[in-house]
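To start, the structure itself, in structure tokens.
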Amino acid sequence: MSIGLVWDAENPSADEIQAFLNIVDTSLLQQDLFDDVVDSSSGSFPPKTMAEKKKRREMEETCELNLTAIVCYYGRHYSTFVVDRRTNEDWIYVEDSQIIEVGRWPDVVEKCVQSRRQPLLLIYAQVHCRPLDRRKAPRDTWRPTVTTLQPRTSADGDNRMVSRPASSSRPIKKTNQ
């Protein structure tokens, strides 16, 4: 799950960033966010049998999400803090070609505040999920047709915006690297 943020100020103060990061929960329960938490394996809804009710109760207890990444912005530049999957507690800072070990969550907060990096996107993931197997990922992907608005002068001299395809849909061959 991701949460996108919009800031009132283009360059918030260090105090504003600190105040925001102080209220960010690094762990959330889905049932605290949504009225209903269900997955396809939980049976019918509402649960009819005792087995379905028990399975649903167990599932709701395990729908925990942990903050796994934060995309930040500063001075026309984006960077990311990512949880190290080896420890699930330590954080790594990724900016361009730099990868820096940061430490724990308080260290992430301190680095954001000191460098005035604005969190723009918070990404949460289930705690007990397995990473995706890249070998089972699709080999081909499709690029959607993009339509742009382009100016066109009509016969009476009015400038109007018309829709024109910017590119055609075509498969992109992915390589396994």
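If you're matching positions, the sequence shown starts at 1 in our numbering and goes up one per residue. Built from N, CA and C at the ideal position, the CB exists for glycine as well.
Who are the Cβ neighbours of residue i in its own chain at under 8 Å, not counting the five residues just before and after it?
| i | result |
| --- | --- |
| THR80 | ALA69, ILE70, VAL71, CYS72, TYR93, VAL94, GLU95 |
| ASP107 | TRP91 |
| ASN22 | VAL109 |
Over the uninterrupted alpha helix (DSSP H) stretch that includes residue i, give me the two end residues.
| i | result |
| --- | --- |
| GLU110 | 105-115 |
| LEU33 | 30-33 |
Straight-line CA distance for residue i to residue j?
| i | j | result |
| --- | --- | --- |
| VAL109 | ASP84 | 16 Å |
| ALA19 | ASP32 | 22 Å |
| VAL82 | ARG135 | 23 Å |
| VAL24 | LEU5 | 12 Å |
| GLU16 | TRP105 | 18 Å |
| ARG116 | GLU10 | 11 Å |
| LEU29 | GLU89 | 18 Å |
| MET1 | LEU120 | 14 Å |
Sorted by chain position, which residues of the same chain lie with C-beta nearer than 6 Å to residue i's C-beta, five sequence neighbours on each side aside?
| i | result |
| --- | --- |
| SER41 | Confidence in SER41 is poor, its pLDDT being 49 and thus under 50, which makes the residue's placement too unreliable to answer from. |
| ILE3 | LEU122 |
| GLN177 | Here GLN177 scores only 48 on pLDDT, less than 50, and its place in the model is too uncertain to base an answer on. |
Assuming the contact rule is C-beta atoms closer than 8 Å, residue i and residue j should be a hit. Round their C-beta distance to whole Å, please.
| i | j | result |
| --- | --- | --- |
| SER27 | GLU64 | 6 Å |
| ASN66 | ALA14 | Contact flag wrong, Cβ pair sits at about 26 Å. |
Once you ignore the five residues that flank residue i on each side, which residues in its own chain have a CB closer than 7 Å to its CB?
| i | result |
| --- | --- |
| TRP7 | GLN118 |
| ALA51 | none |
Tell me the DSSP bridge mates of residue i?
| i | result |
| --- | --- |
| VAL24 | According to DSSP, which records beta bridges pairwise, VAL24 is partnered with nothing at all. |
| ILE17 | Per DSSP, none; premise fails for ILE17. |
| GLU101 | ILE92 |
| ALA69 | VAL82, ILE123 |
Quick check on the DSSP output: the beta strand (DSSP E) that includes residue i runs from which residue to which?
| i | result |
| --- | --- |
| CYS63 | Segment: none, CYS63 is in no beta strand (DSSP E) and carries neither H nor E. |
| GLY4 | 2-4 |
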